[in-house]
Every structure is written in C-alpha cells, then in structure tokens.
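Asker: In mature numbering (1 follows the signal peptide of the UniProt record, and there is no 0), the protein residues as written are -20 to -1, 1 to 894. Note that beta-carbon positions come from the ideal geometry of N, C-alpha and C, so glycine has one too.
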C-alpha cells in the first residue's frame, strides 16, 4: 500500500509539471475574446474622465464598455437562468443599479469606475393571483417597484438604493386593468391602453406623486379602426409612441402632470426613436434604414423644429442587422455645432457606437456569445502548390504526359519566381494576400461558427480575427427539446483538398415562420454563397433527421440525406441521388423522440433506382412516466482508432470492442423514492440491440458525456454525496478478436466485457471533450470546462477504469496506477492558465497536420483557442532548439572527418614506402 501511494504521488508530481508553459509562451499559441451577449439595458456615462457605456444583457451580464474603443472595462457575470435574469439596470452618476432574479429579486449597486459591488439586498415577489407584471425604475436616488394587478390596483413602492429600506408605498386604483392590458413605463409615468366600446383610452399614472390623466386616442389620431400598439421611447423624457397596426406612420406623446403633449409631426412607423437631452432642451433622434443607408435626423421635442446639424446619411456596414437606439447623448462640438454619440443594438445582437454626424466608431459582434455550431477546416494550398496539384488532373495522358506536364509547370514556376524578384509578377490571390493558405504542419485553419442570431462567421484560428461574416435573414437554429439549447447541423460537403473545386459547406436551419428546413450553402474560406443569390435554399418540408453521405459524387461533393416528418427521404444536391441509391443497402438511420422516449431505426435496403425508401426495422421505448431522453451521443465521424487492442502485463492482448454504430442514450426521470435518477444505454443503432445499460439513483444534471473508441465517460451531480462524479466505462471483446477485418452489426450480437470505475472531481463541470489527432496514435486526454472558468486537461491514465486498489507487478508493467477516487486539479494542468472562459457551452477539437498536436476551440460567453499535445510534441523540434550549435557540431564533424581521412591516407602512403 505504501508503495502504491508513493507511485501515485510521483505520477501526480509528474502530471503537474508536464503541462507547464513558460512566461514568454503566454498568448503565443492561444487567444481569448470576451463578450457580453445581446444588449438588454444601456446607460451612457458622460461625467467621468473615461467615458463608458454601462450595459446589461440577456446573458445575465453587467458590464462597462469604453466608449472610444468598445473594449470591456469591467464585467460581472451573474447567476445562470432565471436566478440571474436581469430585470432592470440604470445609473444615476454615482451608482449603477441592477435588479435580477424572478421570485426573489436581488438588488445590487455597483461602483461605475471599477465595477466593485457596493451593496446587495433582496426583495420578495408579491404572492398575488392576478399579477400582470412588475416594473422597476430609478428616480431621484430611489428605486421604485411597480406592481400591476389585474382588475384591482397598481402598487408603487420606493426603496433606498444603498440600504434597501422601504421609503414609501402608494396605491393607485385601476379596476379596468385586464390581464392582457398593454402598459409601458415612461419614467416617472405608467401609460396604459384601455378599450371602452369603440373608444381606445390612454391612461397616464404619475408614479412619484398624485395625478392621473385619461384621454381618447381619437383626439390625437382621428378614428381608430385597427388595433393600436403602445411603446416607450427611450431617453431623458417620458415619451410614448402610439401607432395603428398596418399604418405607415406613428405619433409620439409627451406625458406630463397636466396632460399629454402631441409631437407636431407624424413619423414613419419604421423609424427608430430616442429622446436625448441637449443643454436645456430635448432632442428627438430619428434613425431610418433605407437600402444600405442609415438616415439620421434630429428635432426639438417641444416644437418639432428640424436641427440641420443632426441631419445626415451614413453608409450602413454590410452584414449588420437593423438596430434600435439603446442610448444616446448629445453635446456641443468644437466647431459650434451639435454632435451625438448613439449606441445601437441590432437584431443580430451586434452593439455599435456611432458618432453623429460622422461615422461608426466601433462594432462589437455579440452574436459570437451565442454560438450554435462550430467546424474547423483546412485552408487551401498556395498558388504554387495548386499548380503542382493540377498535374494529377491529367492521369489519362499516361506517365509520359504527366512528366511533360511536370516539366512545364516547373518552368512556369521558375518564370514566376524570376518575375516576382524583378517585381513584374502577377499579384497574389486574395487568400494569399490575407495569409489564408495552408501551412506546412496544418496548424493554420479556418474556424467557421454559426450563431443563434442568424450570423455565420469565418475566423482565423491563429489570430482570432474575423475574416468574413454572413447575415442570414428569416432563419433560426433548431432547439434541443430536451435541453433547450440551440444547435444547427453543420455539413462539410467538400474540403479544400479537391483542387480546383472550392470547398463547400452547408448549414441546416429552419424558417422563422413555417419551421420548414432551410439550407445555407457557402464557401467556408471566403464566406461566399454557392447556391441562389443569398445561399439559402428553402426545402419546403420539416426536417426530422439529417446526415452526410460517406462518399462523394464525381465532383467530390458529398450529399446530404434528409428525412422529413412524413418519413420521406430527400437528397441535396440532386446530383448525389445516384450515390445515395448505390449505397442504399448499407445506409441506416435512427431517430429519437425526447418526450416519448422512442428510438426508431430505418433501413434504406428496399430503395429503388428512382426513389429512396426508409423502412422501419426496429424501435425501442426507453422511458415511461416522467422519464425523457436528454442526450444522444455518437462517436466523432473523423475519429481514427490506431490500436485494436490493449497489451497486458502478461503479454496477452485484450481486444477493444470497437463498434462504429454504437451510440450512448441518456434518459432522466423522477422517482418518489430515489428522487432524480438517470440511465445510460449503449445501443447499436443498426440492429437496435441494447449492448449495455447502467442506472444511477439520486443523480441529476448537469450531465456531460464523451464517447470515443471503446470507452464512454460521463459526469453527473450526486444528490446523495453533494458532489460531481465521473464514471468511465471501457468495452472489450476479450482476448480473442471476433472479427479481424470489419465490424458488422448484422452478425450475432457480441456481449462485451465492461470495465467501470467512478471518480470524484472537486468542481462543477460545464462541458467535456476528448482530444483527437490525425492517426489516433497520440494518447487521449479529456478536456473539462469548469464553472470557475478553467479548462482542465486530464490524462486518460487518471480516468482509466482498470485502475486497481492494489497494483500487481503485471499491472505496474502495463502502466496502470493505483486507484484513488479523488481526481487532482493542479493549476499547471489548466490550459487557459489565468484567462477565464465564462459560461462554456461547448469544446470543439480537431486534428492538425502533426500527429502530436490537437487544436482546441472553447466557446460560450467567451471564445478561447489553443493547441494541446497530450504526448508532447514528439514530431516537432522545440522552440529553443539550438540550430546554430547543431550546425556547428555537424560542420566540425565533417571537417574533422575530412582532415582525418587526409591524415590516414598520408600515413598509409608512408607505411607503403617503408
């Protein structure tokens, strides 16, 4: 036992130092980008020396942005989900006040300069049956809570923002207010619409003193024939906008203690409005989008007089969605005119600051905080290498023709070299100018991400720079029915290896209105659409399942097989139909319904030459009662298994159970005795056989699964022990391999030998992923994203289910370490060192050109990219390799051998003459 502990300590010590990096390596192979998410509230600071924009977002983030650069000055990420949902944010110069939560509201005040928390207190939500909503506002250093109750009254409660003490409470009788009444807050008034017969009345309640005003909308708008909308106009004055549905214009009203003041002019219904203060007056800022231009104007609120200083037209950045004015501030300019800084939030989640009249100062692409799909792709070869690749397109000419073509291409390369040296050569391609060419070791790639906001980005993996972006209109991602997470199936139909054909990818989305499938087909290197004008192809049916064919057509383009809700099969593009028909006998599909727990398997064996037919061959119902399927995890399609077995200490081989058709299905449910429980099923989706199953009582979310080679790893939170536990399973066929050529699910099912082990991780897990390399030779490591923002790299040797309590000599020779339930978290094993990555949603790994190196992309609220070498860089020289020394040594040895040869020959000649 003493020996086992010693071995474990030594291995832990080695584990700690094997992942260290030097100080000068920080940021050399990695980068991080921080985001805040879709804007919800904004407040501009114009008092402090460093001008800031204080924002609160739908990702439950409170932050301050530098108005000059758009960079984050400070940021706080609040609790997840409803517990941290921000209901209100505003500032009064000395404090930034936020209200977050649902049933229990947490009120916090922040220091605007450094983001330090100054105070925190709670307010319980009133237990009222006919509660409509709760609104908050900040007025004269007090926080007001407005509680609206249907058919009853409105309660206004004032609190001291520092101490949290109740200052006052008032009641406004409003028996006409219904559950669907439309009320908006225009500080310090509450405006509501009420329909009485054919009349639509506008009520205005003063929330800080006595006073209620009521007036018919017909007095402002004439006869009201359709339904009416009521919205608040943000800014420094209590202004609301009223419009009839379908009308091309709208009115704005200023709410006052003695009535309503109508703005003199009607405004276009599409105009975005904001009221900004300027000296002692108020300015109505108007933004209107017209064919790629942003038309801006300003007028006084009191008289409607147009201000020529604020009139202008600005070229709108391409790829940016239409936006609303979140905040604005106007001030005198040096040339005695007026100028405004306007903060825009667009419908694709971008945040932009505009200096008006003038230009856009900066744009933050906050769509990258809600990534739904990721793929990392190889870049194309350089123009020179592309010329060499053309040689292989002339195979029909024979070896003589190919040899002649090789000579011709090399002569052209020599000519190009001479012209380039003389400065007379052709300019490089756009890809070469941007440096987007494949490097020698395959470390330079393109990261393509699709966000939930309907935007697709191409990012350089070495610098993190956005190379291209595409905005997709009227589409949205799919939503996982079990977890509620957004996802979009991403298909790589053709890579950059098939020169001269361009790379092609397809993204499966759905229409915002009809929910029918939509494909976006594009070039992942340039971002250019490859189908239709905008790349969007409407499928005309709802998609139930989709996957990529294993083989390509004559153009090396792999088709996408789509199964609709009527179990009909479709292929995109149509040119891949013949390939799908030829492969039909070996194609199997399965679907999983999270709510019913039904898994259904289909076969395409009965397809004809004209039509693909999906035939049900098996089905399994895994759930009953409150149970539901929450995850279905398959193996990576690009994974390669290098070794078919594991060599034991006695020199025998334990063969791995490697079933490419095996998927892991997770179900969760509630039991009156054991409370929450989860089940894991390993199912062969070709035959429908359940290979293995396991159940955990009193276990609940978060659950994360990694499925690779012959092993499965998953984590869950144990309610019984109040901790995170990790379970590993390894499947083996035994010491005799059943099939040495290819695995077949049609043969008699083989019950594998299952080794299992459980471990304790002292931390909450947000995501897990295994490393992957080109040939699968390198050892597997598990990347674990922790809730504290760290990305932990755990070697498989620590998670090996064959770790015994007592190590025998044979196991010691095999390299198995003693079992200890606690897994260490050494700081040296955290691959992002001090670069915290918040709210991780996923980890994407991909192989590089080096067998030793795996590329890692972590995404969530932030993005982080790095590379890891689980078995160290055994195929690459170290950075500090002394090239000069080795050159000098080799040169010295060469000279010495030459001199020695001369001396030896002279000695031999002398001896011959003796």
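Is it true that the CB of residue 112 sits closer than 8 Å to the CB of residue 51?
Answerer: No.
Asker: Starting from residue 692, follow the alpha helix (DSSP H) in both directions and report where the run begins and ends.
Answerer: Here residue 692 belongs to no alpha helix (DSSP H); instead the beta strand (DSSP E) covers 691 to 698.
Asker: Can you name the start and end residues of the alpha helix (DSSP H) that residue 793 belongs to?
Answerer: Element bounds for residue 793: 789 to 794.
Asker: Please go through the same chain and pick out, in chain order, the residues whose beta-carbon is closer than 6 Å to the beta-carbon of residue 27, but skip the five residues on each side of it.
Answerer: Contacts found: 73.
Asker: Quick check on the burial criterion: 16 or more other C-beta atoms within 10 angstroms. Buried or exposed for residue 196?
Answerer: That one is exposed.
Asker: Would you kindly work out how many angstroms separate the C-alpha atoms of residue 767 and residue 509, rounded to a whole number?
Answerer: Roughly 38 Å between the two C-alpha positions.
Asker: So the candidates are 613, 791, 557; which of them puts its Cα closest to the Cα of residue 589?
Answerer: Checking every option, the nearest Cα to that of residue 589 belongs to 557.
Asker: How far does the beta strand (DSSP E) with residue 336 in it reach, from first residue to last?
Answerer: Start and end: 331 to 336.
Asker: Check the C-beta distance from residue 437 over to residue 541 and give it rounded, since I have them as a contact under 8 Å.
Answerer: Not a contact, Cβ separation roughly 27 Å.
Asker: Buried or exposed for residue 753, going by 16 or more other Cβ atoms inside 10 Å?
Answerer: Burial call: buried.
Asker: Touch check for the region 838 to 850 and the region 812 to 827: three-plus C-beta pairs under 8 Å?
Answerer: Yes, since at least three Cβ pairs between the region 838 to 850 and the region 812 to 827 fall closer than 8 Å, the two stretches touch.
Asker: Mapping the DSSP letters down to three states, classify residue 63 as helix, strand or coil.
Answerer: Three-state result, residue 63: helix.
Asker: Thinking C-beta only, is residue 544 closer than 8 Å to residue 523?
Answerer: Taking 8 Å as the Cβ cut-off, residue 523 and residue 544 qualify as a contacting pair.
Asker: Taking the CB atoms as reference points, tell me whether residue 851 and residue 832 lie closer together than 8 Å.
Answerer: Yes, the Cβ-Cβ distance between residue 851 and residue 832 is below 8 Å.
Asker: Short of 6 Å in beta carbon distance, which residues of its chain neighbour residue 422, apart from the five on each side in sequence? Order them along the chain.
Answerer: These residues qualify, in order along the chain: 828, 829.
Asker: When burial is assigned at 16 or more other CB atoms within 10 Å of the CB, is residue 603 buried or exposed?
Answerer: So residue 603 counts as buried.
Asker: Put residue 882 into one of helix, strand or coil per three-state DSSP.
Answerer: Looking at residue 882 - three-state DSSP - the assignment turns out to be helix.
Asker: Identify the continuous beta strand (DSSP E) that holds residue 525 and give its terminal residues.
Answerer: Residue 525 -> beta strand (DSSP E) spans 523 to 532.
Asker: Considering just the uninterrupted stretch of the alpha helix (DSSP H) at residue 201, what are its terminal residues?
Answerer: Start and end: 198 to 201.
Asker: In this structure, does DSSP put residue 394 in helix, strand or coil?
Answerer: Looking at residue 394 - three-state DSSP - the assignment turns out to be helix.
Asker: How long is the line joining the alpha carbons of residue 500 and residue 486, rounded to whole angstroms?
Answerer: If you take the alpha carbons of residue 500 and residue 486, they lie about 5 Å apart.
Asker: Tell me whether residue 571 sits in a helix, a strand or coil according to DSSP, three-state version.
Answerer: Three-state result, residue 571: strand.
Asker: Exposed or buried, which one is residue 596 when buried takes at least 16 other CB atoms within 10 Å?
Answerer: Exposed, since its Cβ has fewer than 16 Cβ neighbours within 10 Å.
Asker: What is the rounded straight-line gap between the Cα of residue 734 and the Cα of residue 671?
Answerer: Those two C-alpha atoms are separated by around 10 Å.
Asker: Near residue 356, which residues of its chain fall below 8 Å by C-beta distance, leaving aside the five closest residues on each side in sequence?
Answerer: Cβ within range, chain order: 425, 426, 427, 428, 441, 824, 826, 835, 837.
Asker: Compare the beta carbon distance of residue 263 and residue 281 with 8 Å and say whether it is the shorter of the two.
Answerer: Taking 8 Å as the Cβ cut-off, residue 263 and residue 281 qualify as a contacting pair.
Asker: Report the three-state DSSP secondary structure of residue 591 (helix, strand or coil).
Answerer: Reduced to three states, the DSSP call for residue 591 is coil.
Asker: So what's residue 413 in DSSP terms, helix, strand or just coil?
Answerer: For residue 413, the predicted model reports a pLDDT of 48, less than 50, meaning its position is unreliable; a value from the coordinates is still stated below. Note: residue 413 maps to helix in three-state DSSP.
Asker: Do residue 138 and residue 117 have their C-beta atoms within less than 8 Å of each other?
Answerer: The answer is no: Cβ separation not under 8 Å.
Asker: Leaving aside the five residues before and after residue 459 along the sequence, list all residues of the same chain whose C-beta is less than 7 Å from its C-beta, in chain order.
Answerer: So the qualifying residues of the chain are 466.
Asker: Can you tell which of 288, 389, 644, 697 has its C-alpha closest to the C-alpha of residue 676?
Answerer: The residue with the shortest Cα to Cα distance from residue 676 is 697.
Asker: If the criterion is Cβ atoms closer than 8 Å, does the pair residue 253 and residue 273 meet it?
Answerer: No, they are not a contact pair.
Asker: Alpha carbon to alpha carbon, what distance is there between residue 287 and residue 244?
Answerer: So the alpha carbons of these two residues sit roughly 15 Å apart.
Asker: So, for residue 184: in the same chain, excluding its five sequence neighbours on each side, which residues have a beta-carbon less than 6 Å away from its beta-carbon?
Answerer: Correct list, in chain order: 169, 171, 193, 235.
Asker: Closest by CA to residue 804, which one among 792, 771, 742, 788?
Answerer: That would be 742, whose Cα lies nearest to the Cα of residue 804.
Asker: What is the DSSP secondary structure of residue 307, reduced to helix, strand or coil?
Answerer: Reduced to three states, the DSSP call for residue 307 is strand.
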